[in-house]
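Enquirer:
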Amino acid sequence: MKQIFSKRSLLQNKSTQIGLGLLTCLALSSPSFAQDSKPSSTKPTIVSTITDNGITTTTYSNGQVVKTVADGYYLDSAFYKNSNVLKAVQGKRYWKITDRVGITIPVGNTVNGKDITMFLKPGAFNSLSVTRQWGIIGIGITGGYQFFQVGDDYSGPDGRIYKNIEALKLSGKLPEDLPASSVLYDKVSSLQDFYLLIGPSLDIPIGKKFNVNVDARGGLFNTSAPRFGAYLQDGNFGAQSLIFRMNSSASKNKLGASIALDVTYKIAKTWALGLNAQGFITETPFTTVGEDVSQGSTKTLTKEDVSTHGGYNFGLALSHTFGEDNGKTVYTLLPPPPAPIVAFAPTLLGENGKMYDYKSSEKPVFKWKSNSPNPDQEEYLFKLYKADGSDTPIYQQTTKNTSLTLPDNVALVNGDECNFYYYSVQSVVQNKVFSEADAASFGYKAKPVAMIASSKPTTDQYMFKVFGGTTAPSTMKAKPRRKVTKPVVATVPKKLVPRKKSTKPASNYVNYENVTENPKVKWPEDLPLPKNPSIYEYEVQRLNPGDCKPVGPVAKYRFYIDPKNPDDIRILPDKPKKK
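Okay, so the sequence shown: first residue is 78 according to the numbering used here, each after it adds one.
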């Protein structure tokens, strides 16, 4: 695969990058550029400037006072503890030159720890950077050179040369018993990098002596690939016939990046020495030339390619600072703030809680009064809402008056249902300060609904109870009864007459209780029958049709029931009283 590079486009790209870098440097070196661009007519003038013991006091025409304190001097706390004082710390500004030297270790296309593309080994590097610092932040430019040696493994079994020789033997272009002395190897040059990079820096002091410096750079790498190869001293192709060669490409420029870390110790006021570690990454274009291994071909093949190129550098760093401008702290006493604008909530009058008649044509008139000492400076924002949970006003208006009547196009009455509304009024000062809202509500009544009297029940109802029973005497069981084809129901007088309870009731336990429309004695269908003929008590009382409460006397009976013939219920007479 052949890559073609345009020199014109490359130069255009580099000039654009350099232009952007210069603009960044100018912006960082002039942090007050945006402020200085304001028209001078808007700036307050300087009334006086006094410098005393490292403190410069500047007073402006708008009442603002600025105190600039140099490093090593301190300001009276009574000034900077004022709530209207702004504090700004400007760090030291200086230039810094750093020289780095050491060994460089390549990281490329490796297999089992060996570079099988260019067979690079460690080399050496040297770089020089110039940085402009503003406190701990800076921007700088770095230029440098590094080289990587070529290892002897390029002629081993993992190399391209050995593989080309084997391919030529298989194609018959070289004899299979070719002696090793016939193949000559050469190493002409190693891989070399020249680079020019630009980017930000951090210079962080650790105590009074140590500094940690971090440089991040990006830019242009000019890389020359290594040159090595092999040829035959004699043979079928003549003396010094080429087998394989790697050369540099015509296009050597590629973009790359690096990051460097320095830990230095200050050995003098402006000099520091320490250790350096950095990493880089870019690409290396290269060209390979070799005999065509196809059978019968006499061509020489040339191929251009690109390999990823990166590595690590370790060494020493020596830095020097100059052009230092000491840092300072600026305290700005702002002019006293203007008096705050206060909006007073108005008080509503009238309509609160008022209810209008059904479909009334009368519209409410909303009134309020101002609570401001200067009512001429305020307006009023009126909002009307329907009480349906939407929280969206159906009408709103701003007015200078203290009363408001709804326009004709605002309809309030809707259908026959109740309609409830609420409204709020706020005072507004200078169209920007709003008071709290005072709110009230009103409504329209619903259409009256005619009352429908409830009808009374047409039939009487009775409450009856069955009390627990006792086994009937054997004399009552022996009496023969005529078999009947229809159920016999004990005769009960039409008018129930109350009577006294038996002196010896069968039981006070209520077996059953329910409501019925038939007051006659009857064994309930959902009450289990006794196992033997028994005697029970039965009470019945009429219920009031209006509220279904018991009313009138309670009629009581004793009756006999045989479980074999439950429909034959006999009412037992009361025992005669003893004289």
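Cβ coordinates follow ideal geometry from the N, Cα and C atoms, glycine included.
Does DSSP put Pro-246 in a helix, in a strand, or in coil?
Expert: On the sequence shown, residue 246 is found 169 positions in, with the first residue counted as 1. It is worth fixing the name first, because residue 246 is Lys in this sequence and not Pro. Reduced to three states, the DSSP call for Lys-246 is helix.
Enquirer: Nearest by alpha-carbon distance to Lys-444: which of Thr-476, Lys-286 and Ala-302 is it?
Expert: Along the sequence shown, one-based indexing puts residue 444 at 367. It is Thr-476 whose Cα lies nearest to the Cα of Lys-444.
Enquirer: Does the distance from the C-beta atom of Gly-200 to that of Thr-181 stay below 8 Å?
Expert: In the sequence shown, residue 200 corresponds to position 123, counting from 1. In the sequence shown, residue 181 corresponds to position 104, counting from 1. Their beta carbons are under 8 Å apart, which means Gly-200 touches Thr-181 by this criterion.
Enquirer: Assuming Asn-324 contacts Ala-302 (C-beta within less than 8 Å), just tell me the rounded distance between them.
Expert: For the purposes of this step, residue 324 is taken as residue 247 along the sequence shown, with counting starting at 1. For the purposes of this step, residue 302 is taken as residue 225 along the sequence shown, with counting starting at 1. With 8 Å as the limit, Asn-324 and Ala-302 qualify as a contact, their Cβ atoms being about 7 Å apart.
Enquirer: Along the chain, where does the beta strand (DSSP E) containing Glu-602 start, and where does it finish?
Expert: For the purposes of this step, residue 602 is taken as the residue at position 525 of the sequence shown. Per DSSP, Glu-602 belongs to no beta strand (DSSP E) and is neither H nor E.
Enquirer: Around the C-beta of Lys-173, are 16 or more other C-beta atoms found within 10 angstroms, so that it is buried, or is it exposed?
Expert: The residue you call residue 173 lines up with position 96 of the sequence shown. So Lys-173 counts as buried.
Enquirer: Taking all protein chains shown into account, decide if Asn-353 is buried (16 or more other Cβ within 10 angstroms of its Cβ) or exposed.
Expert: As a working note, residue 353 is residue 276 in the sequence shown. Buried, because 16 or more other Cβ atoms sit within 10 Å of the Cβ of Asn-353.
Enquirer: Is the beta carbon of Tyr-539 sitting closer than 8 Å to the one on Val-617?
Expert: Numbered from its first residue, the sequence shown carries residue 539 at position 462. Numbered from its first residue, the sequence shown carries residue 617 at position 540. Taking 8 Å as the Cβ cut-off, Tyr-539 and Val-617 qualify as a contacting pair.
Enquirer: Grab me the residues of Tyr-589's own chain with a C-beta within less than 6 Å of its C-beta, minus the 5 sequence neighbours each way, in chain order.
Expert: Here residue 589 is taken as the residue at index 512 of the sequence shown, counted from 1. Contacts found: Val-543, Pro-601 and Leu-604.
Enquirer: Identify which residue in Gly-629, Gly-546 and Asp-639 has its Cα closest to the Cα of Tyr-615.
Expert: As a position in the sequence shown, residue 615 is number 538, starting the count at 1. The shortest Cα separation from Tyr-615 among Gly-629, Gly-546 and Asp-639 belongs to Gly-546.
Enquirer: If you measure between the beta carbons of Val-146 and Gly-131, is that distance less than 8 Å?
Expert: As a working mapping, residue 146 is identified with position 69 in the sequence shown. As a working mapping, residue 131 is identified with position 54 in the sequence shown. Yes, the pair counts as a contact, with Cβ atoms nearer than the cut-off.
Enquirer: On a Cα-Cα basis, can you pick out the residue from Ser-278, Tyr-231, Phe-298 and Asn-642 that is closest to Ser-206?
Expert: Counting from 1 along the sequence shown, the entry for residue 206 is found at position 129. Per the Cα distances, Ser-278.
Enquirer: Between Leu-297, Asp-254 and Leu-261, which lies nearest to Asp-270 when the distance is taken from Cα to Cα?
Expert: Here residue 270 is taken as the residue at index 193 of the sequence shown, counted from 1. Residue Leu-297 is the option with its Cα nearest to Asp-270.
Enquirer: Would you report the Cα separation of Val-309 and Thr-194, rounded to the nearest angstrom?
Expert: Taking the sequence shown and counting its residues from 1, one reaches residue 309 at position 232. Taking the sequence shown and counting its residues from 1, one reaches residue 194 at position 117. Here the sequence assigns Leu to residue 309, which means Val is not the residue at that position. Distance between the alpha carbons of Leu-309 and Thr-194: 22 Å.
Enquirer: Could you round the C-beta distance between Ser-504 and Glu-439 to whole angstroms and report it? I think they count as a contact, below 8 Å.
Expert: Locating residue 504 in the sequence shown gives position 427, counting from the first residue. Locating residue 439 in the sequence shown gives position 362, counting from the first residue. The pair is not a contact, with the Cβ atoms about 28 Å apart (cut-off 8 Å).
Enquirer: Please report how far the alpha carbon of Lys-641 lies from the alpha carbon of Asn-621, in whole angstroms.
Expert: Taking the first residue of the sequence shown as 1, we reach residue 641 at position 564. Taking the first residue of the sequence shown as 1, we reach residue 621 at position 544. When rounded, the distance between both Cα atoms is 37 Å.
Enquirer: Counting only the same chain and skipping the five closest in sequence on each side, list residues whose C-beta sits under 7 Å from that of Val-506.
Expert: As a working mapping, residue 506 is identified with position 429 in the sequence shown. So the qualifying residues of the chain are Ile-418, Ala-420, Gln-454 and Glu-455.
Enquirer: How many angstroms separate the CA atom of Cys-625 from the CA atom of Lys-633?
Expert: Taking the first residue of the sequence shown as 1, we reach residue 625 at position 548. Taking the first residue of the sequence shown as 1, we reach residue 633 at position 556. Using only the alpha carbons, I get a separation of about 20 Å.
Enquirer: Could you give the residue range of the beta strand (DSSP E) that holds Ala-201?
Expert: Counting from 1 along the sequence shown, the entry for residue 201 is found at position 124. Here the beta strand (DSSP E) through Ala-201 covers 197-211.
Enquirer: Less than 8 Å between the beta carbons of Arg-322 and Gly-306, yes or no?
Expert: Translated into the one-based positions of the sequence shown, residue 322 becomes position 245. Translated into the one-based positions of the sequence shown, residue 306 becomes position 229. Yes, the pair counts as a contact, with Cβ atoms nearer than the cut-off.
Enquirer: According to DSSP, which residues form a beta bridge with Pro-277?
Expert: Taking the first residue of the sequence shown as 1, we reach residue 277 at position 200. BP columns for Pro-277 point to Ile-216.
Enquirer: Measure the C-alpha to C-alpha separation of Thr-122 and Gly-140 and round it to an integer number of angstroms.
Expert: Indexing the sequence shown from 1 puts residue 122 at position 45. Indexing the sequence shown from 1 puts residue 140 at position 63. Answer to the nearest angstrom: the Cα atoms are 10 Å apart.
Enquirer: Three or more C-beta pairs closer than 8 Å, one from the segment 356-366 and one from the segment 331-338: is that the case here?
Expert: Contact between the segment 356-366 and the segment 331-338 is present, because at least three Cβ pairs lie under 8 Å.
Enquirer: Using a Cβ-Cβ cutoff of less than 8 Å, which residues in the same chain neighbour Tyr-137 once the five nearest sequence positions on both sides are dropped?
Expert: The residue labelled residue 137 in the question sits at position 60 within the sequence shown. Once the five neighbours on either side are set aside, the close Cβ partners of Tyr-137 are Pro-121, Thr-122, Ile-123, Val-124 and Val-143.
Enquirer: Relative to the C-alpha of Lys-524, which candidate in Tyr-472, Gln-474, Lys-436 and Lys-446 has its C-alpha closest?
Expert: By 1-based counting over the sequence shown, the position of residue 524 is 447. Comparing Cα-Cα distances from Lys-524 to each of Tyr-472, Gln-474, Lys-436 and Lys-446, the minimum goes to Lys-436.
Enquirer: Using the three-state DSSP reduction, which class does Lys-169 fall into: helix, strand or coil?
Expert: The residue given as residue 169 occupies position 92 in the sequence shown. Here Lys-169 sits in coil by DSSP.
Enquirer: Does Lys-436 come out as helix, strand or coil in the three-state DSSP assignment?
Expert: The sequence position of residue 436 within the sequence shown is 359, counting from 1. It is coil, neither helix nor strand.
Enquirer: For the beta strand (DSSP E) holding Ala-422, just list the boundary residues, first then last.
Expert: If you number the sequence shown from 1, residue 422 lands on position 345. Careful: Ala-422 lies outside any beta strand (DSSP E) and carries neither H nor E.
Enquirer: Going by C-alpha distance, which of Asp-465, Gly-427 and Asn-508 is nearest Tyr-457?
Expert: Numbered from its first residue, the sequence shown carries residue 457 at position 380. Nearest of Asp-465, Gly-427 and Asn-508 to Tyr-457, Cα basis: Asn-508.
Enquirer: Any idea which residues DSSP pairs Ala-67 with across the strands?
Expert: Outside the shown range of the chain (78 to 656) lies residue 67, about which nothing can therefore be said.
Enquirer: Could you tell me whether the segment 333-350 touches the segment 383-394, where touching means 3 or more Cβ pairs closer than 8 Å?
Expert: Short answer: they touch.
Enquirer: Could you please give me the residues that DSSP links to Val-366 through a beta bridge?
Expert: Here residue 366 refers to the residue found at position 289 of the sequence shown. Bridge partners of Val-366: Arg-322 and Thr-379.
Enquirer: Rounded to whole angstroms, what is the Cα-Cα separation between Lys-571 and Pro-630?
Expert: Locating residue 571 in the sequence shown gives position 494, counting from the first residue. Locating residue 630 in the sequence shown gives position 553, counting from the first residue. Because Lys-571 carries a pLDDT of 41, less than 50, the predicted location of this residue cannot be relied on, and the following value inherits that uncertainty. C-alpha separation (whole angstroms): 14 Å.
Enquirer: When we look at the beta-carbon of Thr-128 and count the other beta-carbons within 10 Å, is it buried (16 or more) or exposed?
Expert: Counting from one through the sequence shown, the residue named residue 128 turns up at place 51. So Thr-128 counts as exposed.
Enquirer: Give the DSSP-derived three-state secondary structure of Pro-183 in the structure shown.
Expert: For this step, residue 183 is matched to residue 106 along the sequence shown. Note: Pro-183 maps to strand in three-state DSSP.
Enquirer: Using the rule of at least 16 other Cβ atoms within 10 Å of the residue's Cβ for burial, across every protein chain shown, is Lys-250 buried or exposed?
Expert: Residue numbering aside, residue 250 sits at position 173 when the sequence shown is read from its first letter. It counts as buried.
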